[in-house]
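Have a look at the structure below before the remarks.
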């Protein structure tokens with residue numbers, strides 16, 4: 006059979022860039038995922054990796070500020086069960102903004118996925134509030150929220166209180182807004198003007214997420230329910246069963262689902 010004097014050659018520039026990014030990150034020493042280490046980062050765009058013990062579990066990008074993006078993950082993991090923030094470490098690369106057009110995050114994901122790494126890029130770890138339509142669905146096996154459910158015993162760093170009266174009580178409206186900011190997972194609720202005229206007394210700190218939700222529940226008008234789902238908490242003026250719920254707060258009652 007005669008030899009061919011011509012053939013096809015495909016140059017994959019994107020694969021080469023992805024491999025270079027991965028190699029550059031591999032040269033870095035992972036730092037513990039602590040606020041001190043995160044705050045030491047420069048507020049620049051770039052890419053980063055998260056490791057759980059020695060396993061590379063997630064790669065991501067920050068379009069504007071690496072510390073803000075990585076801190077978001079720190080808060081999320083801090084509020085979960087079955088995982089210890091001390092297991093986590095990270096590395097970062099500042100990426101020139103002119104490089105943004107080639108989607109460095111996607112290049113890294115593709116590079117590591119071929120080696121069976123970065124499982125958290127495909128199990129819902131990076132998701133924000135999934136929206137109401139997901140409230141009534143069963144959380145799939147292997148999903149981040151199912152493997153690492155929210156921690157209802159999470160201790161709030163500060164008392165999540167709004168402006169208080171002389172007796173130390175706070176309006177339910179202010180409390181809900183503060184709790185939404187303080188909790189390290191989504192707390193979605195339906196607001197009501199009536200909450201501004203309802204005042205809540207608090208137990209002394211340290212406060213846990215459960216204590217906050219319990220105080221809110223005891224102050225709500227009849228017919229309201231707080232539901233703890235695997236990845237977030239919701240509060241609506243209806244009593245309803247949810248297939249993935251782990252706990253219900255109904256007035257003074259706390260109902261755990263086993």
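Numbering (the working numbering), first residue to last: 6 to 263. The C-beta atom is built at its ideal place from N, Cα and C for all residues, glycine as well. The structure presented is a predicted model; accordingly, all values stated were derived computationally and were not measured.
Review point. Are the beta-carbon atoms of residue 134 and residue 214 separated by less than 9 angstroms?
Key: For the purposes of this step, residue 134 is identified with residue 129 of the chain shown, where counting begins at 1. For the purposes of this step, residue 214 is identified with residue 209 of the chain shown, where counting begins at 1. Not closer than 9 angstroms, so no.
Point to revise | Whole-angstrom distance between residue 74 and residue 58, CA atom to CA atom | key: Position 53 of the chain shown, counted from the first residue, corresponds to residue 58. Position 69 of the chain shown, counted from the first residue, corresponds to residue 74. When rounded, the distance between both Cα atoms is 20 angstroms.
**Study point:** Contact belief for residue 234 with residue 203 at Cβ below 8 angstroms, rounded distance in angstroms
**Key:** By 1-based counting over the chain shown, the position of residue 234 is 229. By 1-based counting over the chain shown, the position of residue 203 is 198. At roughly 25 angstroms, the Cβ-Cβ gap does not stay under 8 angstroms, so residue 234 and residue 203 are not in contact.
Exercise for review: Specify, as a first and last residue, the run of the alpha helix (DSSP H) that residue 60 falls within.
Suggested key: Taking the first residue of the chain shown as 1, we reach residue 60 at position 55. Premise fails: residue 60 lies in the beta strand (DSSP E), 60-67, not in any alpha helix (DSSP H).
Review point. Where does residue 117 land, buried or exposed, given buried means 16+ other C-beta within 10 angstroms?
Key: Position 112 of the chain shown holds residue 117. Answer is buried; the Cβ neighbour count reaches 16.
Review point. Pick from 211, 140, 240: whose alpha carbon is nearest that of residue 225?
Key: The residue labelled residue 225 in the question sits at position 220 within the chain shown. Of 211, 140, 240, the residue nearest in Cα terms is 240.
Check your understanding: When DSSP builds the beta bridges, which residues end up paired with residue 98?
Key -> Here residue 98 is taken as the residue at index 93 of the chain shown, counted from 1. Looking at the DSSP assignment, residue 98 forms a beta bridge with 52.
Check your understanding: Using CA coordinates, which residue listed in 182, 153, 253, 53 is at the minimum distance from residue 192?
Key -> Translated into the one-based positions of the chain shown, residue 192 becomes position 187. When only C-alpha atoms are compared, the closest one is 182.
Review point. Less than 9 angstroms separating the beta-carbons of residue 190 and residue 236?
Key: Within the chain shown, numbered from 1, the residue matching residue 190 stands at position 185. Within the chain shown, numbered from 1, the residue matching residue 236 stands at position 231. Taking 9 angstroms as the Cβ cut-off, residue 190 and residue 236 qualify as a contacting pair.
Review point. Should residue 228 and residue 115 be called a contact, given that it needs their Cβ atoms to be closer than 9 angstroms?
Key: Counting from one through the chain shown, the residue named residue 228 turns up at place 223. Counting from one through the chain shown, the residue named residue 115 turns up at place 110. Their beta carbons are not under 9 angstroms apart, which means residue 228 does not touch residue 115 by this criterion.
**Study point:** Close beta carbons around residue 260, own chain, < 6 angstroms, minus the five adjacent residues each side
**Key:** Within the chain shown, the letter at position 255 stands for residue 260. So the list reads 253, once near-sequence residues are dropped.
Exercise for review: State the Cα-Cα distance for the pair residue 61 and residue 122, rounded to the nearest angstrom.
Suggested key: As a working note, residue 61 is residue 56 in the chain shown. As a working note, residue 122 is residue 117 in the chain shown. The alpha-carbon atoms of residue 61 and residue 122 are separated by roughly 6 angstroms.
Review point. The beta strand (DSSP E) with residue 193 in it runs from where to where?
Key: Along the chain shown, read from residue 1 onward, the residue named residue 193 stands at position 188. Residues 191-194.
Review point. Which of the three DSSP states, helix, strand or coil, is assigned to residue 240?
Key: The residue you call residue 240 lines up with position 235 of the chain shown. Strand.
Review point. Could you give the uninterrupted runs of the alpha helix (DSSP H) lying entirely in the segment 203-233, keeping only those of 4 residues or more?
Key: 214-224
Exercise for review: Take residue 112 and list the residues in its own chain whose beta-carbon comes closer than 7 angstroms to its own, dropping the five residues that flank it on each side.
Suggested key: Looking up residue 112 in the chain shown gives position 107. Closer than 7 angstroms at the Cβ level, and outside the excluded window around residue 112, lie 19, 22, 23, 26.
Point to revise | Cβ distance (whole Å) where residue 35 is taken to contact residue 95 below 8 angstroms | key: Against the chain shown, residue 35 aligns to sequence position 30. Against the chain shown, residue 95 aligns to sequence position 90. Residue 35 to residue 95, Cβ: 6 angstroms. Contact.
Check your understanding: When the Cα atoms are used, what is the spatial distance from residue 93 to residue 87?
Key -> Numbered from its first residue, the chain shown carries residue 93 at position 88. Numbered from its first residue, the chain shown carries residue 87 at position 82. So the two alpha carbons sit approximately 13 angstroms from each other.
Point to revise | Beta-carbon spacing of residue 238, residue 218 below 9 angstroms | key: Taking the first residue of the chain shown as 1, we reach residue 238 at position 233. Taking the first residue of the chain shown as 1, we reach residue 218 at position 213. Against a cut-off of 9 angstroms, the Cβ pair of residue 218 and residue 238 comes out as a contact.
Exercise for review: Rank 45, 50, 82, 46 by C-alpha distance to the C-alpha of residue 63 and give the top, closest one.
Suggested key: The residue given as residue 63 occupies position 58 in the chain shown. The candidate whose alpha carbon is nearest that of residue 63 is 82.
Review point. Taking C-beta to C-beta, are residue 223 and residue 232 nearer than 9 angstroms?
Key: Indexing the chain shown from 1 puts residue 223 at position 218. Indexing the chain shown from 1 puts residue 232 at position 227. No, they are not a contact pair.
Check your understanding: How many angstroms separate the CA atom of residue 127 from the CA atom of residue 152?
Key -> What you label residue 127 is simply residue 122 of the chain shown in a count that begins at 1. What you label residue 152 is simply residue 147 of the chain shown in a count that begins at 1. Those two C-alpha atoms are separated by around 13 angstroms.
Review point. Cα-Cα, which of 109, 91, 194, 184 is closest to residue 51?
Key: In the chain shown, the residue the question calls residue 51 occupies position 46. Considering only alpha carbons, the answer is 109.
Check your understanding: Among the residues of its own chain, which have a CB less than 6 angstroms from the CB of residue 248, if the five just before and after it don't count?
Key -> Translated into positions along the chain shown, residue 248 becomes position 243. Closer than 6 angstroms at the Cβ level, and outside the excluded window around residue 248, lie 143.
Check your understanding: What separation, rounded to the nearest whole angstrom, lies between the Cα atoms of residue 136 and residue 9?
Key -> For this step, residue 136 is matched to residue 131 along the chain shown. For this step, residue 9 is matched to residue 4 along the chain shown. Answer to the nearest angstrom: the Cα atoms are 58 angstroms apart.
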